[in-house]
């Protein structure tokens with residue numbers, strides 16, 4: 012059946028799903044335990060103020076539910092009697108995905124310094140380049156005109172606030 | 006009758022009609038573009054609707070929802086790449102029809118079946134919403150708690166390969182919703198010393214991250230995918246013979262789609278797949294399925310669009326989203342100061358009818374736009390991803406930042422995007438997480454109120470027959486994925502064609 016985008020399609024064919032599932036289960040339990048520990052640091056309040064429902068009660072209930080569900084995860088194929096899907100593997104991530112994530116983070120970080128408009132230009136210049144777009148005569152006009160049009164519509168017409176950036180005073184921009 | 010007329014008059018204002026048209030255009034475009042989806046478009050538009058009045062804002066989003074569901078069928082038929090998940094089943098027979106030179110016939114049928122399904126569900130919406138709201142007026146916190154738990158349990162049955170993963174993703178969403186100051190005691194929870202987290206995690210950046218950024222990262226893996234395009238398309242309205250062949254299928258799928266839409270958490274994708282299966286099961290020409298059966302296009306298209314109207318019923322009448330997109334519309338309602346539920350229906354019925362009117366107008370608009378512009382919309386897929394996705398990133402950044410004018414929200418969006426991508430890679434979809442995020446606050450609030458009412462005695466939940474019914478349904482919902490294959494084995498096998 013076609014993998015449905017946004018619903019967790021998994022591809023590949025070489026590793027038993029149970030091993031991956033056990034790994035996922037262990038990670039979930041580790042994170043849940045860490046968050047449970049965090050709930051122990053919540054400020055304690057008098058029972059009367061908490062009305063018998065202390066602030067850590069509900070998060071702990073949810074964490075416990077997550078742990079129970081995670082423990083079921085490796086046994087899910089057995090419970091659902093799915094034999095066909097027993098061998099599935101998550102394909103390794105290509106370097107491009109890591110680089111894309113790093114670039115997006117770098118652009119977001121740069122926004123504090125150079126402001127929203129300049130960071131949009133950066134994104135429209137660097138992301139196509141990273142993804143292999145080599146037609147400079149298309150990339151450069153796109154990187155200048157598209158953010159410019161977006162700024163005109165959103166900042167100019169719709170009055171959506173744009174981050175001026177820390178360098179704005181130095182550049183004489185308000 | 007007054008509130009209905011009042012609501013329709015609100016929609017008929019030129020500004021509102023223009024925004025509905027804009028919503029339809031955006032919806033068809035994002036629906037047609039593989040990777041972009043109506044939840045993503047609604048998430049991106051959310052922060053910009055804050056400046057609008059509630060009626061035009063919600064009307065535009067509702068119109069986008071209807072049109073986005075239809076838009077996916079264009080690329081499903083023409084390039085075998087469903088623009089949106091609800092169109093997955095449409096490709097099973099739509100693309101084989103296109104390859105046989107019947108793309109126009111398939112597109113015409115998809116548009117007409119979508120409109121019939123959509124209008125049918127809107128009539129049900131018109132009748133069922135006030136009735137359901139009337140019933141819900143008698144609900145107290147324990148009943149609401151049980152209802153919300155039931156809605157979360159339905160995540161086990163939403164599409165996706167792993168019910169347990171869906172439930173975990175839903176629980177993670179609920180957990181994220183607990184961050185910030187606890188309303189009863191004022192205690193900070195999961196703030197990790199970050200002052201911005203004291204207000205909790207804002208919905209909008211998380212939604213944009215989950216739907217737009219995680220998809221952008223997914224796209225970075227498929228930059229070299231090329232689609233085979235069917236170029237010569239002359240759209241044809243279904244002939245009388247076609248209609249005779251599919252009228253039963255459309256009616257059946259409209260009923261199925263509306264019913265599935267009304268079920269909490271279930272959306273258009275599930276409706277479309279069941280609509281396809283039922284079309285095949287009842288067909289006299291089962292052998293044609295997978296090779297270009299016109300019923301294989303009509304069935305899922307009527308069902309997935311019928312689910313849109315159905316999904317609005319629990320969203321507005323109970324405050325329980327019927328699908329991931331209606332979860333976002335629910336977030337928009339909350340942003341505009343509404344509390345979706347029976348009191349919204351009782352106190353501002355004209356608002357509910359305005360949404361009905363907007364969706365009705367949207368259905369007829371996308372019929373015209375879809376029929377006239379399918380060829381143009383199919384060309385949208387020729388926009389290189391190297392330009393499309395940077396543009397999505399730009400909109401995401403502005404959307405996340407403008408919501409509260411804080412760069413922290415841009416980081417939240419990125420974190421949600423990367424987290425959503427990693428989770429999606431391991432089978433934890435964004436839709437259940439969003440449902441958990443939206444329902445989490447209600448679950449905790451109603452649980453706390455119930456426990457105070459019951460003086461901490463859990464057993465008193467079972468004093469209410471409505472609570473018991475919801476708890477039984479919850480157990481059935483959780484067990485259904487394990488039980489369903491056993492039922493299917495006894496029934497006629499009806500798997501969709503590959």
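Residue numbers (my numbering), protein chains in the order written: chain V, 12 to 185; chain A, 6 to 503. All C-beta atoms, glycine included, are put in the ideal place defined by N, C-alpha and C.
First through last residue of the alpha helix (DSSP H) which encompasses residue i
i              : result
residue 388(A) : That residue, residue 388(A), is in no alpha helix (DSSP H); it is neither H nor E in DSSP.
residue 257(A) : 245 to 267
residue 99(A)  : 93 to 104
residue 430(A) : 412 to 430
residue 8(A)   : 7 to 16
residue 172(V) : No alpha helix (DSSP H) holds residue 172(V); DSSP gives it neither H nor E.
residue 461(A) : Neither: residue 461(A) is in no alpha helix (DSSP H) and is coded neither H nor E.
residue 54(V)  : Here residue 54(V) belongs to no alpha helix (DSSP H), and DSSP marks it neither H nor E.
residue 351(A) : 347 to 352
residue 62(V)  : From DSSP, residue 62(V) is part of no alpha helix (DSSP H); its letter is neither H nor E.
residue 167(V) : From DSSP, residue 167(V) is part of no alpha helix (DSSP H); its letter is neither H nor E.
Partners in chain A for residue i, counting only beta-carbon separations shorter than 8 Å
i              : result
residue 143(V) : 228, 391
residue 77(V)  : 173, 176, 177, 180
residue 48(V)  : Those within 8 Å of residue 48(V) in chain A number zero; the least Cβ separation is about 12 Å.
residue 70(V)  : 180, 183, 194, 195
residue 39(V)  : 173
residue 148(V) : Within chain A, no residue comes near residue 148(V); the closest Cβ sits about 13 Å away, beyond 8 Å.
residue 116(V) : 419
residue 74(V)  : 180
residue 156(V) : By Cβ distance, chain A contributes nothing, its closest Cβ being about 11 Å from residue 156(V), past 8 Å.
Cβ neighbours of residue i in the same chain (closer than 6 Å, five flanking residues each side left out)
i              : result
residue 29(V)  : 85
residue 433(A) : 170, 174
residue 173(V) : 127, 166
residue 487(A) : none
residue 142(A) : 347
residue 355(A) : 8, 11, 12
residue 206(A) : 181, 184
C-beta neighbour in chain V for residue i, strict 7 Å
i              : result
residue 453(A) : yes
residue 398(A) : yes
residue 410(A) : yes
residue 265(A) : no
residue 431(A) : yes
residue 529(A) : Absent from the model: residue 529(A). The displayed extent of chain A is 6 to 503, so no value can be given.
residue 461(A) : yes
residue 419(A) : yes
residue 353(A) : no
residue 423(A) : yes
residue 385(A) : no
residue 364(A) : no
Residues that residue i contacts on chain V, provided the C-beta gap is smaller than 7 Å
i              : result
residue 187(A) : 66
residue 395(A) : 134, 135, 138, 139
residue 56(A)  : 169
residue 504(A) : For chain A, the structure presents residues 6 to 503; residue 504(A) sits outside this window and is missing.
Beta-bridge partners of residue i, as assigned by DSSP
i              : result
residue 186(A) : 193(A)
Cross-chain neighbours of residue i in chain V, by beta carbon under 8 Å
i              : result
residue 416(A) : 119
Within chain A, partners of residue i - CB distance below 7 Å
i              : result
residue 29(V)  : Correct list: empty, because the minimum Cβ distance to chain A is about 13 Å.
residue 90(V)  : 487
residue 81(V)  : 173
residue 122(V) : 412, 415
residue 175(V) : Those do not exist, as residue 175(V) stays about 11 Å from chain A at its closest Cβ, beyond 7 Å.
Chain-ordered chain A contacts of residue i [CB-CB under 9 Å]
i              : result
residue 108(V) : 222, 223, 225, 226, 426
residue 125(V) : Those within 9 Å of residue 125(V) in chain A number zero; the least Cβ separation is about 12 Å.
residue 152(V) : What residue 152(V) touches in chain A: nothing, since even the nearest Cβ is about 11 Å away.
residue 84(V)  : 167, 169, 170, 173
Cβ-based neighbour list, residue i, same chain, cut-off 8 Å, excluding 5 preceding and 5 following
i             : result
residue 14(A) : none
Neighbourhood of residue i by C-beta distance below 7 Å, restricted to the same chain and skipping five residues each side
i              : result
residue 91(A)  : 74, 77, 273, 274, 277, 309
residue 24(A)  : 61, 64, 65
residue 331(A) : 316, 317, 320
residue 194(A) : 183, 184, 185, 187
residue 157(V) : 135
residue 44(A)  : 216, 329, 330, 333
Min CB distance residue i to chain A below 7 Å
i              : result
residue 111(V) : yes
residue 134(V) : yes
residue 168(V) : no
residue 61(V)  : yes
residue 97(V)  : In this prediction, residue 97(V) has a pLDDT of 44, which is less than 50 and means its spatial position is unreliable; nothing more can be read from the coordinates.
residue 172(V) : yes
residue 57(V)  : no
Neighbour list for residue i in chain V, Cβ cutoff strictly below 9 Å
i             : result
residue 53(A) : 165, 169, 171
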